[in-house]
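Student: Line by line, the protein sequences give chains A and B.
Going by this note's numbering, the first residue of the first sequence is number 1, and it counts up by one from there.
Going by this note's numbering, the first residue of the second sequence is number 1001, and it counts up by one from there.
Glycine residues also receive a C-beta, built at the ideal position from the N, C-alpha and C atoms.
2 protein chains.
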Amino acid sequence: MRVLLIGAGGVGTAITRIAARRGFFERMVVADYDESRAAAAVAAVTTEGTAATAATAAEGAGAGRQPEDRFAAARIDASDEAAVIELLARERCDVLLNATDPRFVMPLFRAALAAGAHYLDMAMSLSRPHPDRPYEECGVKLGEEQFALAADWEKADRLALVGIGVEPGLSDVFARYAADELFDTIEEIGVRDGANLTVDGYDFAPSFSIWTTIEECLNPPVVFEKDRGWFTTPPFSEAEVFDFPEGIGPVECVNVEHEEVLLIPRWVNADRVTFKYGLGADFINTLQVLHQVGLDRTEPVTVPGAGGPVEVSPRDVVAACLPDPAALGDRMRGKTCAGTWVKGTRDGRPREVYLYHVVDNEWSMREYGSQAVVWQTAVNPVVALELIATGAWAGKGVLGPEAFDPCPYLALLAEYDSPWGMRED
Amino acid sequence: MRVLLIGAGGVGTAITRIAARRGFFERMVVADYDESRAAAAVAAVTTEGTAATAATAAEGAGAGRQPEDRFAAARIDASDEAAVIELLARERCDVLLNATDPRFVMPLFRAALAAGAHYLDMAMSLSRPHPDRPYEECGVKLGEEQFALAADWEKADRLALVGIGVEPGLSDVFARYAADELFDTIEEIGVRDGANLTVDGYDFAPSFSIWTTIEECLNPPVVFEKDRGWFTTPPFSEAEVFDFPEGIGPVECVNVEHEEVLLIPRWVNADRVTFKYGLGADFINTLQVLHQVGLDRTEPVTVPGAGGPVEVSPRDVVAACLPDPAALGDRMRGKTCAGTWVKGTRDGRPREVYLYHVVDNEWSMREYGSQAVVWQTAVNPVVALELIATGAWAGKGVLGPEAFDPCPYLALLAEYDSPWGMRED
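(1) When DSSP builds the beta bridges, which residues end up paired with Cys1337 of chain B?
(2) Tell me which residue opens and which closes the beta strand (DSSP E) that Met28 of chain A is part of.
(3) Would Ile214 of chain A and Arg315 of chain A be called neighbours here (beta carbons separated by less than 9 Å)?
(4) Which residues share a DSSP beta bridge with Tyr1119 of chain B?
(5) Whose C-beta lies closer than 8 Å to the C-beta of Thr198 of chain A among residues of the same chain, with five residues either side of it excluded?
(6) I'd like to know whether the C-beta atoms of Ala1043 of chain B and Asp1032 of chain B end up nearer to each other than 9 Å.
(7) May I ask you to report which of helix, strand or coil DSSP gives Arg1065 of chain B?
(8) Can you look up Phe224 of chain A in the DSSP assignment and give me helix, strand or coil?
(9) Taking only beta-carbon positions, decide if Val317 of chain A is within less than 9 Å of chain B.
(10) Identify whether Asp243 of chain A lies in helix, strand or coil by the three-state DSSP scheme.
(11) Using DSSP with H/G/I as helix, E/B as strand and the rest coil, what is Pro1131 of chain B?
(12) Under a CB-based cut-off of 9 Å, is Val1361 of chain B close to chain A?
(13) Which chain B residues are close to Ala320 of chain A, counting only those with a beta carbon under 7 Å from its beta carbon?
(14) Let me know the secondary structure DSSP gives Trp230 of chain A once reduced to three states.
(15) Apart from the five residues on each side of it in sequence, which residues of its chain come closer than 6 Å, Cβ to Cβ, to Ser1418 of chain B?
(16) List, in chain order, every chain B residue whose beta-carbon is nearer than 9 Å to that of Phe244 of chain A.
(17) Which first and last residues belong to the beta strand (DSSP E) in which Leu1399 of chain B is found?
(18) Given a threshold of 16 other Cβ atoms within 10 Å of its Cβ, counted over all protein chains shown, does Arg17 of chain A qualify as buried or as exposed?
(19) So is Thr100 of chain A in contact with chain B if we call contact Cβ pairs under 9 Å?
(20) Return the CA-CA distance between Gln1288 of chain B and Glu311 of chain A, expressed in angstroms with no decimal places.
(21) With a Cβ-Cβ cutoff of 9 Å, do Thr377 of chain A and Ser207 of chain A count as a contact?
(22) My guess is that His1118 of chain B and Asp1094 of chain B are in contact by the Cβ rule of under 8 Å, so how many angstroms apart are they, rounded?
(23) One question on the structure: do Leu97 of chain A and Ala160 of chain A come within less than 9 Å of each other, judged by their Cβ atoms?
(24) Going straight from the alpha carbon of Val317 of chain A to that of Gly1395 of chain B, what length do you get?
(25) Round the Cβ separation of Ala1411 of chain B and Trp1420 of chain B to the nearest angstrom and send it over; I've been treating them as touching at under 8 Å.
(26) Report the residue ranges of all beta strand (DSSP E) runs contained in full by the segment 1286-1313 of chain B; include only those spanning at least 3 residues, in chain order.
(27) Let's test the definition: count the other Cβ atoms within 10 Å of the Cβ of Asp1121 of chain B and tell me whether it reaches 16, buried, or not, exposed.
(28) Could you tell me the alpha carbon to alpha carbon distance between Glu1150 of chain B and Trp1211 of chain B, rounded to whole angstroms?
(29) Any idea which residues DSSP pairs Arg1349 of chain B with across the strands?
(30) Secondary structure at Phe1174 of chain B, three-state DSSP: helix, strand or coil?
(31) Return the CA-CA distance between Val173 of chain A and Leu295 of chain A, expressed in angstroms with no decimal places.
(32) Do the segment 162-171 of chain A and the segment 321-329 of chain A make contact, defined as three or more Cβ pairs closer than 8 Å?
(33) Using the Cα positions of Ala89 of chain A and Ala14 of chain A, report the straight-line distance between them to the nearest angstrom.
(34) With hydrogens ignored, establish whether the beta-carbon of Cys138 of chain A is closer than 8 Å to any heavy atom of the ligand ATP.
(35) Just confirm the distance between the C-beta atoms of Val429 of chain A and Val273 of chain A, as a whole number of angstroms; I'd bet it's less than 8 Å.
(36) Going along chain A in order, which residues have a C-beta closer than 8 Å to the C-beta of Val952 of chain B?
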């Protein structure tokens, strides 16, 4: 397998570090708009990373192969489809792994199809709110533009595996696993994400991009019900306190727009599907205040600058006031939990379980030099690539993670030093 | 009396509208950095304002004199002391009324002294926090730079009447009135400010400058106690719910840095003096979030602009996201209350009163075209000028409103269609 990884930010860099310990692929080209970021990611797995990776790789499928032979850096503009097609061809890549932000999903998705490559991403094409009833009806749904091209992918006999990070991704695998192995009927599948991460020296320092968090949290949240289909609610609706495992404890969660709600009902039979994010009461309050004051807006406002009035986006100013989350790993403490809560019946009796995956920041920093949230996202597409490389997962068209057999996935994930858990409620 | 009014913002403009109905002065020159603002303020009292002002002025001391003869507009840079001295001399003004923001207090205060004019302002020279113990000890206090020049004013036989808006100003007059007329001993004087103003069409729209509000509310609040002197506390300390009169009702109030705490103890004997602002729980929360995210900062941050990175002050961006409070009068509803709560004894028995002044926005918009908060501030320096013009108030040096006899002041205020009230608790 020859992989073109596009995006050498936090998640892309963590992908190279995780992949370097595995032998299933022949080559990974790391491409970024900023070539120095790509080069830095490659250098980390071929120099200071070598000792650790060589030792671990010896136990993997590619035993004996030096990781430094396999990685290369390149420059790419992810919005330039022709350039991406050309790079896929030149490097003879069978698969494009997209680790950029969601604005670049469609050009990369189309480029892979045109080049005859498989495609993986961790976030799907963006939604647009309903023009008149944004908090009641869906407008353009997350992933809708991608599913519109499903027939073309089938015809080309190529696989677009969409939403294969941790959430969406592992959360969808959990949903399918529950349906296959744990339940006869399912009343609700609720993805629940929570953490107890803190950052030393900051009153307020989100562990992920505030720009993206605002986008995610202030978009109308989407909910699926079997008899209503997909519909939306106001932001921060249906607040509940969810008790997270492994010492994280209770966190206030609210509905947030997320891919799982669009993916799970396509392959798994459930009366209701939701996604709730454990933002916590303080963070929700912060986002609400930013929204009330209008600081979440992206349209420019005019403010005094040193040489006269300048136009800036308020949301960019919010981001500029906060520390860069990718650089906070050393100051972070705590754990992050992703998981899927399922309620239904088994053998005629009510059942409720929470399938989950916890990463301790101290462990991910020590083992991989990546902060917990970033590492937890990155490990999943590497596992999926390995399943595709070995043939354990095969398909064509535009498919979510829940379209595949969850068992080999969960088994392989545990092999990556990354066990998952289940709590019977 | 010939007056130089500097500053034709909301308060300056309201001053011209109030003064136009009174006959005690011969001339009022309205000067602003933006001459068009000064010209607009003058035009309003000499054209569409004429009908109302002429009718009312006929009942005043200047009956028969047309207000349009008395007003003129000029351009001035309030930070340019030499230019202000020159304008005072050219227009032969006896008094400078400062209606600019507090950054210009010192140049205008020094210019008036140098030109031999009396001086009035509504906010005093700015404080600076204690370098090491900002929330325990005072650094440079509000007005400290002005009081440092008191001997020069006395020597020049000129009066600097400082802090003569509504708060400080009328609130200080109330304190002196309570001490003279209502109490034998005073345990605490607490200025309390609250409103029930709302703005149609906005979730969040402060009725006063957000820039100044942040400055006021995030500075360490100052408290006076007879046996400790002046000291500071953390922002938003000593929250209490105060019940405001005339239908406003209970509002959450917190300690805020304000001039009365520095002025009242100089002339009035009280064990404790505080200022609490009825910001309400929501507004306090908004300010706390802005502070946590770092959006209250004035030091520039770097953000993307249309032509590359630009530097902007986050606090300016917050202000740019919100509507201009001076332009909200038509959409505002409700009342604003300023007042002084006093606790002590009279004839050996405990006594507690609240002396207050309420303005209904609907009334101030109809009568003067000025929103309530702005009008309530503006009426007080006009009353004070009239007392100085008639000789009812006379003095030299740097004096606060509580240095004078409160009785003629309160009587004249009522003549301005602006009654004050007293609640015996």
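Tutor: So, to answer that:
(1) Here residue 1337 of chain B refers to the residue found at position 337 of the second sequence. According to the DSSP secondary-structure assignment, Cys1337 of chain B is paired through a beta bridge with B:Gly1194, B:Val1358.
(2) Your numbering for residue 28 of chain A matches position 28 in the first sequence. Bounds of the beta strand (DSSP E) holding Met28 of chain A are 27-32.
(3) Counting from one through the first sequence, the residue named residue 214 of chain A turns up at place 214. Counting from one through the first sequence, the residue named residue 315 of chain A turns up at place 315. Cβ distance < 9 Å, so Ile214 of chain A and Arg315 of chain A count as in contact.
(4) Start at 1 with the first residue of the second sequence, and residue 1119 of chain B comes out as number 119. Per DSSP, B:Leu1096, B:Ala1160.
(5) For this step, residue 198 of chain A is matched to residue 198 along the first sequence. So the list reads Met332, Arg333, Gly334, once near-sequence residues are dropped.
(6) Position 43 of the second sequence, counted from the start, is the residue given in the question as residue 1043 of chain B. Position 32 of the second sequence, counted from the start, is the residue given in the question as residue 1032 of chain B. No; because the gap between Cβ atoms is not below 9 Å, this pair is not in contact.
(7) Your numbering for residue 1065 of chain B matches position 65 in the second sequence. Confidence in Arg1065 of chain B is poor, its pLDDT being 44 and thus under 50, which makes the residue's placement unreliable; the coordinate value appears in the next sentence. Coil.
(8) Numbered from 1 along the first sequence, position 224 holds the residue referred to as residue 224 of chain A. In the structure shown, Phe224 of chain A sits in a strand (DSSP, three-state: E or B).
(9) Counting from 1 along the first sequence, the entry for residue 317 of chain A is found at position 317. Closer than 9 Å: yes.
(10) In the first sequence, the residue the question calls residue 243 of chain A occupies position 243. Correct three-state label for Asp243 of chain A: strand.
(11) Along the second sequence, one-based indexing puts residue 1131 of chain B at 131. In the three-state reduction of the DSSP assignment, Pro1131 of chain B falls in the coil class.
(12) Here residue 1361 of chain B is taken as the residue at index 361 of the second sequence, counted from 1. Residue 1361 of chain B is actually Asn in this sequence, not Val. False, the Cβ-Cβ gap to chain A never drops below 9 Å.
(13) Within the first sequence, the letter at position 320 stands for residue 320 of chain A. The CB of Ala320 of chain A comes closer than 7 Å to the CB of Val1301, Thr1302, Val1303 in chain B, given here in chain order.
(14) As a position in the first sequence, residue 230 of chain A is number 230, starting the count at 1. It is a strand residue.
(15) What you label residue 1418 of chain B is simply residue 418 of the second sequence in a count that begins at 1. Excluding sequence neighbours, Ser1418 of chain B sits near Val1379.
(16) Within the first sequence, residue 244 of chain A is the residue found at index 244, counting from 1. Within chain B, no residue has its beta carbon less than 9 Å from that of Phe244 of chain A; the closest one is some 24 Å off.
(17) Along the second sequence, one-based indexing puts residue 1399 of chain B at 399. Where Leu1399 of chain B is concerned, the enclosing beta strand (DSSP E) stretches over 1397-1399.
(18) For the purposes of this step, residue 17 of chain A is identified with residue 17 of the first sequence, where counting begins at 1. With 16 or more other Cβ atoms within 10 Å, it is buried.
(19) On the first sequence, position 100 is the one that residue 100 of chain A refers to. Chain B contact via Cβ: absent.
(20) The residue you call residue 1288 of chain B lines up with position 288 of the second sequence. The residue you call residue 311 of chain A lines up with position 311 of the first sequence. Here the C-alpha atom of Gln1288 of chain B lies approximately 26 Å from the C-alpha atom of Glu311 of chain A.
(21) Residue mapping note: residue 377 of chain A aligns to position 377 of the first sequence, counting from 1. Residue mapping note: residue 207 of chain A aligns to position 207 of the first sequence, counting from 1. No; because the gap between Cβ atoms is not below 9 Å, this pair is not in contact.
(22) Position 118 of the second sequence, counted from the start, is the residue given in the question as residue 1118 of chain B. Position 94 of the second sequence, counted from the start, is the residue given in the question as residue 1094 of chain B. That belief holds up - the Cβ atoms of His1118 of chain B and Asp1094 of chain B are roughly 6 Å apart, short of 8 Å.
(23) Position 97 of the first sequence holds residue 97 of chain A. Position 160 of the first sequence holds residue 160 of chain A. Here Leu97 of chain A is not near Ala160 of chain A, since their CB atoms are 9 Å or more apart.
(24) In the first sequence, residue 317 of chain A corresponds to position 317, counting from 1. In the second sequence, residue 1395 of chain B corresponds to position 395, counting from 1. Their backbone Cα atoms lie some 50 Å apart in a straight line.
(25) Within the second sequence, numbered from 1, the residue matching residue 1411 of chain B stands at position 411. Within the second sequence, numbered from 1, the residue matching residue 1420 of chain B stands at position 420. With a Cβ gap of about 10 Å, Ala1411 of chain B and Trp1420 of chain B do not count as contacting.
(26) As far as the segment 1286-1313 of chain B is concerned, its whole beta strand (DSSP E) runs of at least 3 residues are 1301-1305, 1308-1312.
(27) For this step, residue 1121 of chain B is matched to residue 121 along the second sequence. The residue is buried, with at least 16 neighbouring Cβ atoms inside 10 Å.
(28) The residue given as residue 1150 of chain B occupies position 150 in the second sequence. The residue given as residue 1211 of chain B occupies position 211 in the second sequence. The residue asked about is misnamed: residue 1150 of chain B is Ala in this sequence, not Glu. Each residue's alpha carbon lies about 30 Å from the other.
(29) Taking the second sequence and counting its residues from 1, one reaches residue 1349 of chain B at position 349. DSSP output for Arg1349 of chain B lists B:Arg1346 as bridge partner(s).
(30) Here residue 1174 of chain B is taken as the residue at index 174 of the second sequence, counted from 1. Phe1174 of chain B: helix per DSSP, three-state reduction.
(31) Position 173 of the first sequence, counted from the first residue, corresponds to residue 173 of chain A. Position 295 of the first sequence, counted from the first residue, corresponds to residue 295 of chain A. So the two alpha carbons sit approximately 37 Å from each other.
(32) Touching, no, given that fewer than three Cβ pairs across the two stretches are closer than 8 Å.
(33) As a working note, residue 89 of chain A is residue 89 in the first sequence. As a working note, residue 14 of chain A is residue 14 in the first sequence. Distance between the alpha carbons of Ala89 of chain A and Ala14 of chain A is about 25 Å.
(34) Annotation note on the ligand ATP: not contained in the displayed structure, which lists no ligands.
(35) In the structure as shown, chain A starts at 1 and stops at 425, and residue 429 of chain A therefore has no counterpart that could be examined.
(36) There is simply no residue 952 of chain B to check, as chain B begins at 1001 and stops at 1425 in what is shown.
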